[in-house]
Amino acid sequence: MKKISIILIMSTLLFACNSPKASIEELNQIVSEFYQDVKSAKIPVFQYCIFEKDVSVGGVILADSVYNYNQPADESSIFQAASLSKPIFAYIVMKMVDRGEIDLDMPICQYTDMDRFEDKEMAAIITPRMVLKHTTGLPNWATGPSSDEWPTSAIRFKYPADSCFSYSGEGFSYLQRAVEAIRGAALDELAHEEVFIPLEMNSTSYGWLPHYDSIALDGFNRAAENRGQGRHPRENSAYTLRTTASDYTRFLMALIEGEGLSSDSHAEMLAPHVHAIRYADNHRDCDSTIWWALGLGAIYSDTTSAEKGEDPRYYYHWGDNGNFKALFVFRPEDRRGIVYFTNSANGHDMVTSVIQATFGEMLPLQDWIQK
Numbered sequence: 150m151k152k153i154s155i156i157l158i159m160s161t162l163l164f165a166c167n168s169p170k171a172s173i174e175e176l177n178q179i180v181s182e183f184y185q186d187v188k189s190a191k192i193p194v195f196q197y198c199i200f201e202k203d204v205s206v207g208g209v210i211l212a213d214s215v216y217n218y219n220q221p222a223d224e225s226s227i228f229q230a231a232s233l234s235k236p237i238f239a240y241i242v243m244k245m246v247d248r249g250e251i252d253l254d255m256p257i258c259q260y261t262d263m264d265r266f267e268d269k270e271m272a273a274i275i276t277p278r279m280v281l282k283h284t285t286g287l288p289n290w291a292t293g294p295s296s297d298e299w300p301t302s303a304i305r306f307k308y309p310a311d312s313c314f315s316y317s318g319e320g321f322s323y324l325q326r327a328v329e330a331i332r333g334a335a336l337d338e339l340a341h342e343e344v345f346i347p348l349e350m351n352s353t354s355y356g357w358l359p360h361y362d363s364i365a366l367d368g369f370n371r372a373a374e375n376r377g378q379g380r381h382p383r384e385n386s387a388y389t390l391r392t393t394a395s396d397y398t399r400f401l402m403a404l405i406e407g408e409g410l411s412s413d414s415h416a417e418m419l420a421p422h423v424h425a426i427r428y429a430d431n432h433r434d435c436d437s438t439i440w441w442a443l444g445l446g447a448i449y450s451d452t453t454s455a456e457k458g459e460d461p462r463y464y465y466h467w468g469d470n471g472n473f474k475a476l477f478v479f480r481p482e483d484r485r486g487i488v489y490f491t492n493s494a495n496g497h498d499m500v501t502s503v504i505q506a507t508f509g510e511m512l513p514l515q516d517w518i519q520k
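So for the sequence shown, our numbering puts the first residue at 150; every next one is plus one.
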């Protein structure tokens, strides 16, 4: 039996603010509860950042000997963020809304072509708002988005447009083409201009950066096989972001505060728009309190809170690129949150324990994500 080594590398980030905040000791105590979970889940590298208001504690926990994993890893290591790509893109779209460059309720076909859609009449009613709240009726993908066939593959609707929640990377890709056409620039160029440079997210990109060659981690499947870095052939707003936990925390802090957005756009982005029944034909218990805002999920305290117009208790998004798993969750009332990245297909096995340690209560996310 292999001996599993657990190594903690920690860094602390402080930002000036006069408001009350959690102590570093308190955040460190929360982190200490993750060690055994990383070991039990057999995750080679668990990179995290936990924050409250303007204080954050970040680092990595290594269980590298699980897979004879010898690649160096620390808080600067680069992970696939998978679907954590989507909230940043949604934020870019909302900034464009503020400038009058795009209308949330204008059909996207007014900005770009519909060539890949088989049902062009249905496609003609899809709007940016439908994309961001996942009600386009489109499948997640028509075919593997990193395949050679994907750019010209036919898209068939899974449900009528705007009829139900239907999580879709294809929808985000369609909106991405509209955004690129409006701005006359590629996604990553826009993201650097709108988000990464202003927020000093210096390690983050939707495309491959040269320095990723040495610091982007390999991913592992559940059979303990090294599947490599998993380079993507093209930038995609739905899944190709690479980043670090500390960089992504800068984005989350800005999002919580509404930095870079008008008050109206900030409120609109965080307002729940649709009940997120993940599988439209199977309403599960874990769906009951989960809704979707514009680009991220929202969790209510109980099943009637949304109907009463109350604010959600939490916001979140998960990421799943197979051998890379990620998650963020934050609570607006005290601005506490956590983001983590893993290079393992097992990375979501510790969702419940991470949430319990961070927030002191149970949320239905692990079932919603994995079942």
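Ideal placement from N, C-alpha and C gives every residue a C-beta, glycine not left out. These numbers come from a predicted model, not from an experiment.
- Taking 8 Å as the cut-off, the beta carbon of F477 is found closer than this to the beta carbon of G486.
- Between I192 and S352, the C-beta gap is not smaller than 8 Å, which leaves the two residues out of contact.
- DSSP places W290 in the coil class of the three-state scheme, outside both helix and strand.
- Put simply, the segment 278-288 touches the segment 409-429. At least three CB pairs are less than 8 Å apart.
- Note: L476 is bridge-paired with W467, Y489 in the DSSP secondary-structure output.
- The shortest C-alpha to C-alpha distance from P256 to any of D247, D268, I241, R278 is the one to R278.
- Looking at the DSSP output, R391 bridges to Q229, S354.
- If only uninterrupted alpha helix (DSSP H) runs of at least 4 residues are considered, those enclosed by the segment 308-341 are 318-332, 336-340.
- Residue range 234-247 is occupied by the alpha helix (DSSP H) that includes A239.
- K269 is classed as exposed because its beta carbon has fewer than 16 other beta carbons within 10 Å across all chains shown.
- Look at the beta carbons and you see the segment 300-314 not touching the segment 389-403: under three pairs across the two are nearer than 8 Å.
- Inter-segment contact for the segment 315-330 and the segment 361-380 is absent: fewer than three beta-carbon pairs are separated by less than 8 Å.
- I199 and V206 do touch by the CB rule: their CB atoms are close to 6 Å apart, below 8 Å.
- Here DSSP, grouped into helix, strand and coil, assigns A365 to strand.
- With contacts defined by Cβ atoms closer than 8 Å, A230 and G444 do not form a contacting pair.
- Looking from the CA of N470, the closest CA among S189, S295, L211 belongs to S295.
- The criterion of a C-beta distance shorter than 8 Å is satisfied by F400 and L348.
- Here the alpha carbons of G409 and V246 stand approximately 12 Å from one another.
- Take the alpha-carbon of E482 and the one of D264: they are about 44 Å apart.
- In this structure, L390 and Y355 form a Cβ contact; the two beta carbons are roughly 5 Å apart against a cut-off of 8 Å.
- Straight-line measurement puts the Cα of G458 at about 44 Å from the Cα of Q378.
- The beta-carbon distance between E250 and I331, rounded to whole angstroms, is 6 Å. This is short enough to meet the 8 Å contact definition.
- Distances from the CA of D430 to each of P236, S412, S312 were compared; the closest alpha carbon is that of S312.
- DSSP places H424 in the strand class (E or B) of the three-state scheme.
- When only Cα atoms are considered, D203 and S493 end up about 30 Å apart.
- Where W517 is concerned, there is no enclosing beta strand (DSSP E), although the alpha helix (DSSP H) around it starts and stops at 514-519.
- Inter-residue distance for T438 and T501 is about 16 Å (C-alpha atoms, whole angstroms).
- By the Cβ-count criterion, S232 is buried, with 16 or more other Cβ atoms from all chains shown falling within 10 Å of its own Cβ.
- Taken atom to atom, the span from the alpha-carbon of A372 to that of V187 is near 17 Å.
- H497 and A387 have their C-alpha atoms roughly 19 Å apart.
- By the beta-carbon neighbour count (other beta carbons within 10 angstroms, threshold 16), R480 is buried.
- Following the DSSP letters along the chain, one finds I439 inside the beta strand (DSSP E) bounded by residues 439-441.
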